[in-house]
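The numbering of the sequence shown is the numbering used here, which starts it at 132 and goes up by one. A virtual CB, placed ideally from N, CA and C, is assigned to each residue, including glycine.
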Amino acid sequence: MSLLMLSSAVGLPPGSRVWLAAGVTDMRAGFNSLAAKVQTVLERDPFCGHVFVFRGKRGSLVT
Numbered sequence: 132m133s134l135l136m137l138s139s140a141v142g143l144p145p146g147s148r149v150w151l152a153a154g155v156t157d158m159r160a161g162f163n164s165l166a167a168k169v170q171t172v173l174e175r176d177p178f179c180g181h182v183f184v185f186r187g188k189r190g191s192l193v194t
């Protein structure tokens, strides 16, 4: 499924972006920790309306 199809299926507003974080993320991290990663690593505002996707060590968890 393409990101365009995904954004249509999820109902994201036009102009929204989906950011995929490269690497492994500790999936025990809470929202505040993930939001801090968005700010420090991606240099983006976590409340801007875009979607930020993180992947777990095994690759089977996505948040």
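- Find out if the Cβ-Cβ distance for the pair Leu143, Val184 is shorter than 7 Å. For Leu143 and Val184, no; Cβs fall outside 7 Å.
- Item | Residue nearest to Ser147 in terms of C-alpha spacing, selected from Gly190, Cys179, Lys188, Ser164 | Among Gly190, Cys179, Lys188, Ser164, the Cα nearest to that of Ser147 belongs to Cys179.
- Message: Counting C-beta neighbours from all protein chains within 10 Å, is the total for Thr171 16 or more, i.e. buried, or is it exposed?
- Response: Thr171 should be labelled exposed.
- Message: For Val169 and Lys188, I'd like the C-alpha separation in whole angstroms.
- Response: Distance between Val169 and Lys188, taken at the CA atoms: about 18 Å.
- Query: Alpha carbon to alpha carbon, what distance is there between Val149 and Ala166?
  - Reply: So the two alpha carbons sit approximately 15 Å from each other.
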